[in-house]
Amino acid sequence: MRKSKSRSKARVAAAAGLTTGAVGAALLVAPSAAFAAVTVSPPVVGVGGRVTVVDTDGVTLTTGSNTTANRVFVLTAPGTVAPVCASTLPVASATVLAATQTGVTSSDVTKTVSFDSPAGATAGTNGQAKRYVACFYDDDTSARQGNQNGYSFYVGTVPALNPAVGLTGGGNTVGITTATNVFTGIATIGAQFVTDNCPTTFGAPAAGVAATVTKTGDAAASVVVPASVTSTTAVPTKYNLCFYNGVGSTAPFISGSVYTASQLALSQSTGPWQGGNSINVTSPNQFLAGVDDPGVLFTKDAACPTDYDDDDATNDKVVGPDFIRKLSNTRLATSVPANLYADQDAMNTAVGSGSSVMWNLCIYAGTTDSDNAASSDLVASNPYKVTTIQTVTGISPRAGAALGGSTVTVTGTAFPTEPGAITATLGGTPLTEITVLSGNAFTARVPRHAPANNVSLVVTTAGGSATLLNAFSYTSSLIATPNTAPNNRVVEVVVRGVGFESAPWDNTLTTGAHIFLVKGSYNSTDVDPGGSPARANPPVADCNKVLVLSDTEVICRLDLTTRLDAVGTALMSAVAPTPGYGFVTAAGSRLLTGDGSPAFTASDVGKSVIEPGHATIPVGTVITDVISGTKAIMSNAATGVTAAGAETVLASPIIRPVTVTATSGASPALVAAAGTFLSADLNRYIIGTHITTARTLPNAPTNSGANITMSGNASGGDAATPTPAVIIGTTVPVPEGAYNLQYVSNAALNAVVNDPNYVKSQISSSSTFTVAAF
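At position 108 of the sequence shown the residue is numbered 143 (the working numbering), and the sequence of numbers has no breaks.
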C-alpha cells in the first residue's frame, strides 16, 4: 500500500505536477490549457468500454463501489430540454440503458464516477462516435445526483495512435489506424489537440490547437502534432486528439483518442519484463537543473508517486545508484531493474489478453524516501511499456527465390501489433513491408539475398530479439519473360536471378555457365561412367548468346526451332525420314506399336508420324511420348487400322502438304501447280503416294515453282494423276510441352560431383517455360 503522511512542505506544485527543485521550479511552467470543472474520459470508448467522469463543479455524489456506488443509467436518445436526466431513478428501457452495477465506482471526495458503458450503447455508422448521456442516482434514495443534464460520452471505434506518447513541442507525425472504416466518405479530416473534452463540432480552434491530417485510407491517416502540444510538468500531459468530418465550424465530432505529451524522450519506451536493458533519457527542458543525485524507480501504478518511495516493493522497482548517471541537465542514463515480474506466469497474468503492461519511469530530485519530511520530489516521468519477449515458431514458405520479392508469414507469440514495432532479418538481410496480422503472426517481403540454405530468422522488438534457426533457404530460381513461345521461332528471353555478372558464360554446350531449357530438372550426373558419357537429364535447348544487363538480369536467345541431341551436347543432326516405325492396330487409338527395329527412343518425341500413300494417321500427327522401344503415343488418334504392308515414317514435324504428279516410276521429275515448290524447299525431303521412299530436293524449283527434280526416281505414277505428298524439313524443333529454365554454373559432365562451386537454380513457378505448337 502506498504510504501517506502529513507534512508542512508545500504540495501545491507537486499536485499540479510541477517541479520543485531549486532551479527547476523557475524553469518549468504548467500547460496553458485551463483545468475543466467537468471531464469525461476517454473521448471515445468501444462498446462496453470504461468511462470516467470527474465533476468538481459543486455536485454531490455517492462514495462506494459496485452495489454501494452511484446507479448509472444511459440515455440513447437524450432530449434537449433541461433537466435531461429524470429526477428519480428511471426504469430501464430501450432508450434508457442501465449500466452493470458491478464495476461501478464513485466518490464524493474525488467527485468521480467510473462505469462500463452498457452493451446496448453501440457505435455510429462505420464505427464513428455516437453520443450518449449518463445520468447518476443515489442508490439509497433513488434521487438524481451530479449534473441534472447528465454527462455526454461517445461510443465508437477508438483510433490506435502510433506513437501514443510524444516529446513536448510537437512536430512529430502520429499514425492513426482504426478497426473500422471511420473515415469513409470524408474528404478532409479535421483534428485538434485539447486538454478539455472534445468539442462536439470543430468550431474555431484556438491558435496552435488544430492539426494537419493526411488521410491515407478509410481506416488510416496521419497527423502532425502542433508545437503547442507541450508538457513541462513532472507528470506527462494528456491531450484528447479529436477528429471531425471536415474543418468547417459545424463539422461534427467523429472519433478521438488520448495522446500524451512528455518532456522526456526515451531511447526505448518498451522493454522485456526481465529488465536489464539500458535507457537514455533526454529532454529539451533542463529537468535535472539543481539535481545532483537523481533517484529513479519504475512503478506499475497509474502514476508515479509524488515523492520518492523505495520501500513499496509491491508496485515499485527501484534503480540502484550505480545504474543512474546524470550526464547533463537535459540527459540521464539508467537501467530497467531486473525481473519486473517474478516469472513468466506472473507476467502472463498481468498482461492478460493484451501484449504489454503499462508502467511508469519516475525520476526524482534525490533518493530521500517519503518517510522523511524532506523527501525527494518527482521531477519528471514517462510511460514505459513492459512486454513479453516474443517467440518465433515458424515461417511459411520455408524457401524462396534469391532474387527476393516473395511474401512469407511468420508465426510465434507476443508480437506487438503497433505499426513499426517489429523488425526482422532473414539470413542477416532485413525483411520489408512487415504487416502484423495478430499477436501471433505477421507477413513480410523477402529481400534479395545470395543463394543460401537454412539461414536464420531473427525477429526484434522493443522487448528483445528471438531467433529461429534453419528457418529459410534462398534458392537461385529464375524468373523468365516471356515464359511461353511457339517452336517455330527464336525468342529473346529476359531472365532475372542473382549473380549473373560473375557467371562464366560460355556458348560451348559442355563448359561454362548456361541457361538450359530442361524437361524436369537438369542433372549432369554421368549415368554411364564406364561407357558412353551421358548426363542423367540433359537439356533440350540452350538459351545462349547471353547479354548481361546487371547482376540480376540477362537476356538470352532461345532457339526453339532446333532441339539438342539425346545427350544435350550438340544440336540434333539433320533428320531424314526413317521408315519401319510400327503400325496402328485399332481405329481411334493413339498407340503406335513396332517390332523394335528400329526402336523408339526419347529423341523421337516431337517427330512427325507419316503414313505414305494412306490416310489413317492425320497429317500433322507427332510423337508425344515414348513408352518403350516398341511403343509410342501419338498426338492424334488414328482413323483406321494400318494397311497390310504399309509402314509409318518418323520425320521432322516441319511438313507442308502438297499435291504433285509423278510422271512415272522411272523419273525423278515432279509437276505441280505454279507456286507449289518454294526456294525454301531446297535440300528438304518429300514423301507421298507415289514417293514411298523419301527423296531429297537437291535442286531449286523451276517454271514458277511448278517443277522440281528429286534425288531419285518416284515409286510410281503417271503424268495425268496428281497425288498427295508432304515436303519435310530436316530439323526437329523443341517438342511442345512444359519445361523449366535453369541456370547452371558449369555445364560439364558430372559437374555436380566434381565442381565444389557448382550452382544450379531451383525449379519454381516463375522458371517454367511452355513451348506451344507452331
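From the three backbone atoms N, C-alpha and C, an ideal C-beta is built for every residue, glycine too.
Helix, strand or coil for residue i per DSSP?
| i | result |
| --- | --- |
| Gly162 | helix |
| Ala381 | helix |
| Ala501 | strand |
| Asn742 | strand |
| Val75 | strand |
| Pro418 | strand |
| Asp660 | strand |
| Asp541 | coil |
| Ala133 | strand |
| Asn197 | strand |
| Asn518 | coil |
| Ser801 | helix |
| Ser638 | helix |
| Thr758 | strand |
| Lys44 | Legend: pLDDT at Lys44 = 33, less than 50; position of this residue unreliable, value from coordinates given subsequently. Of the three classes helix, strand and coil, the one that applies to Lys44 here is coil, per DSSP. |
| Asn101 | helix |
| Asn579 | strand |
| Val769 | coil |
So, for residue i: in the same chain, excluding its five sequence neighbours on each side, which residues have a beta-carbon less than 6 Å away from its beta-carbon?
| i | result |
| --- | --- |
| Lys40 | Because Lys40 sits at a pLDDT of 41, beneath the cut-off of 50, its placement in the model cannot be relied upon, and the point is left open. |
| Ser313 | Ser370 |
| Thr87 | Ser76 and Ser149 |
| Thr805 | Thr519 and Ala773 |
| Ser512 | Ala436, Ser796, Gln797, Ser799 and Ser802 |
| Val526 | Ala520 and Leu593 |
| Gly81 | Val193 |
| Thr659 | Ile668 and Ser670 |
| Asn207 | Gly201 and Val260 |
| Thr147 | Val89 |
| Phe108 | Pro125, Val131, Ala133 and Cys170 |
| Glu588 | Arg531 |
| Ser643 | Val657, Ala686, Pro688 and Ile690 |
Among the candidates the options, whose CA atom is the shortest distance from the CA of residue i?
| i | options | result |
| --- | --- | --- |
| Lys273 | Val264, Tyr279 and Gly281 | Val264 |
| Phe139 | Ser500, Ala112, Val126 and Tyr172 | As written in the sequence, residue 139 is Val, which differs from the Phe given in the question. Out of Ser500, Ala112, Val126 and Tyr172, Tyr172 has the C-alpha closest to the C-alpha of Val139. |
| Tyr720 | Thr737, Ala709 and Ala749 | Ala749 |
| Ala459 | Thr502, Ala381, Thr423 and Val676 | Thr502 |
| Asp541 | Gln180, Ala783 and Ala117 | Ala783 |
| Asp406 | Ala434, Asp92, Ala697 and Pro340 | Pro340 |
| Asp143 | Gly617, Ser100, Gln163 and Thr620 | Ser100 |
| Tyr557 | Val270, Ser491, Arg106 and Val602 | Val602 |
| Thr452 | Ile469, Val443, Gly474 and Leu466 | Gly474 |
| Pro653 | Gly664, Ala164, Ala622 and Ile211 | Ala622 |
| Ala127 | Val116, Thr115 and Thr111 | Thr111 |
| Val471 | His484, Gly462 and Gly455 | Gly455 |
| Val676 | Ser643, Phe618 and Ile726 | Phe618 |
| Ile359 | Val94, Ala324, Ala337 and Thr402 | Thr402 |
| Ala262 | Gly306, Val270 and Ala242 | Ala242 |
| Leu413 | Thr423, Ala672 and Ile398 | Ile398 |
| Ala735 | Asn718, His725, Thr724 and Cys120 | Asn718 |
| Ala337 | Asn395, Thr744, Ala479 and Leu96 | Asn395 |
| Ala129 | Thr123, Gly155 and Ala214 | Gly155 |
Beta-carbon within less than 7 Å of residue i's beta-carbon, same chain only, minus the 5 sequence neighbours each way: which residues are those?
| i | result |
| --- | --- |
| Asp404 | Tyr343, Asp344, Asp345, Asp346 and Ser410 |
| Thr803 | Asn518, Ala773 and Asn775 |
| Ala286 | Gly225, Thr236, Phe237, Tyr279 and Asn280 |
| Thr249 | Ala256 and Ser257 |
| Phe477 | Val445, Phe450, Ile457, Ile469, Thr470 and Val471 |
| Asn489 | Asn505 and Ser508 |
| Gly700 | Asn748, Ala749, Ser750, Gly751 and Gly752 |
Excluding the 5 residues flanking residue i on each side, which residues of the same chain have their C-beta closer than 8 Å to its C-beta?
| i | result |
| --- | --- |
| Ile722 | Pro612, Ile645, Pro647, Val684, Ala686, Thr728, Ala729, Arg730, Ala760, Val761 and Ile763 |
| Pro118 | Arg179, Gln183 and Asn184 |
| Asp563 | Ala569 |
Could you check whether the stretch 295 to 302 touches the stretch 191 to 205, counting it as contact only if at least three pairs of C-beta atoms, one from each stretch, sit closer than 8 Å? Touching, per the Cβ criterion.
Touching or not, the stretch 544 to 563 and the stretch 576 to 591, by the rule of three or more beta carbon pairs under 8 Å? yes
Secondary structure, beta strand (DSSP E): runs of 3+ residues fully inside the stretch 299 to 365: 305 to 307, 313 to 317, 330 to 334, 351 to 353 and 359 to 363
Counting beta carbon pairs with one atom in the stretch 123 to 141 and one in the stretch 182 to 195, are three or more of them shorter than 8 Å? no
Hey, is the stretch 625 to 633 in contact with the stretch 660 to 668, meaning 3+ C-beta pairs nearer than 8 Å? Between the stretch 625 to 633 and the stretch 660 to 668, the count of Cβ pairs shorter than 8 Å is three or higher; the stretches touch.
Would you be able to state if there are at least three C-beta pairs under 8 Å between the stretch 529 to 544 and the stretch 784 to 793? no
Quick check: the stretch 439 to 454 against the stretch 363 to 377, are at least 3 beta-carbon pairs closer than 8 Å? no
Measuring CB atoms only, is the stretch 314 to 321 touching the stretch 384 to 391, in the sense that at least three cross pairs come out at less than 8 Å? no
Start-end ranges of the alpha helix (DSSP H) lying completely within the stretch 413 to 464, minimum 4 residues: none
Please go through the stretch 680 to 731 and give each complete alpha helix (DSSP H) segment of 4 or more residues, from N-terminal end onward. When DSSP assignments are scanned along the stretch 680 to 731, no uninterrupted stretch of alpha helix (DSSP H) that is 4 or more residues long falls wholly within it.
How about the stretch 733 to 753 and the stretch 699 to 713: do they share at least three Cβ pairs that are nearer than 8 Å? yes
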